[in-house]
Every structure is written in C-alpha cells, then in structure tokens.
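In the working numbering, the protein residues as written are 23 to 138.
Notes follow once the structure below has been shown.
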Amino acid sequence: MSASTDLQALLLATSAVTALCGTRISSDRMEQGAATPFIVYTGTAEPQRALDGSVHGTRTVFEIQCWASTRAAADALAAAVKTVLDSNHQYCTGPAGGFDADLDLEAALLTCDWWS
C-alpha cells in the first residue's frame, strides 16, 4: 500500500475523526458543495537513499486540510487528526489557519511527515 492509502485507512478507522467528518476524507480534492466538515490531503513522496542509491525508506510529506463552516469545528477536526497521527508516530506541525472566501469555509492545515 502507499502512504496515501495508509493515511486514509488510518483516518477512516479512527472514531474520533469519523465522529466529526464521517467518511468525507479525500486525496487531492473534495466535490464542490460537499457537506462539512471534511478532510482533503495531498502528499509528496521522497525516497531516502544511501550513498549507493539503495532506498532505506520513504518520507511522504502530507498537507492535511481540515475544512468546516467554523474555525472551531476545523480546529477540532485537526486536533483529532493530529492526535491519531502522533499516536502512530507520524508527527504533525500546525495547525495553521485558512479561509476560502468563495466557499465561505474555514480551514485548519496540518503538515505531516509520514515515514514508511
């Protein structure tokens, strides 16, 4: 499995996360008009190579966007995501705040280093 698949499976298996957003967890984008709150994540994989070129592991940097109609709801979702990632040794920074005026939605943005 890929880090992206593993991340989504972990979030969907965590009741503290799904209690807030249900199964509205998606890579890259969410359909316009989707119910809130929801999570959208993107990731970039970077193989960790030795001097001989062999790969010892992969670091995937995820930006995890927790979107909701209020900042408090976005922050609550981000806190649940951060807790489960930290407890699985996939550490996050953030959240940073965000806002989309076109959608009138608030965001709490996390950055996660996922090692596999």
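Heads up, the beta-carbon is just placed ideally off N, CA and C, and yes, glycines get one too.
Worksheet item: Between the Cα of Leu131 and the Cα atoms of Gln70, Trp89 and Ser109, which residue gives the shortest distance?
Response: Trp89
Worksheet entry | Touching by the beta-carbon criterion (3+ pairs, under 8 Å), the segment 48-63 and the segment 89-103 | yes
Worksheet entry | Option in Trp136, Glu128 and Ala35 with minimal Cα separation from Thr82 | Trp136
Discussion item. Does Phe84 pass the burial test, meaning 16 or more other C-beta atoms within 10 Å, or should it be called exposed?
Written reply: buried
Discussion item. Does Ser37 come out as helix, strand or coil in the three-state DSSP assignment?
Written reply: helix
Worksheet item: Where Val39 and Ile47 are concerned, what is the direct C-alpha to C-alpha distance, given to the nearest angstrom?
Response: 10 Å
Worksheet item: Going straight from the alpha carbon of Val62 to that of Gln70, what length do you get?
Response: 26 Å
Fill in: Distance, Gly120 Cα to His111 Cα
26 Å
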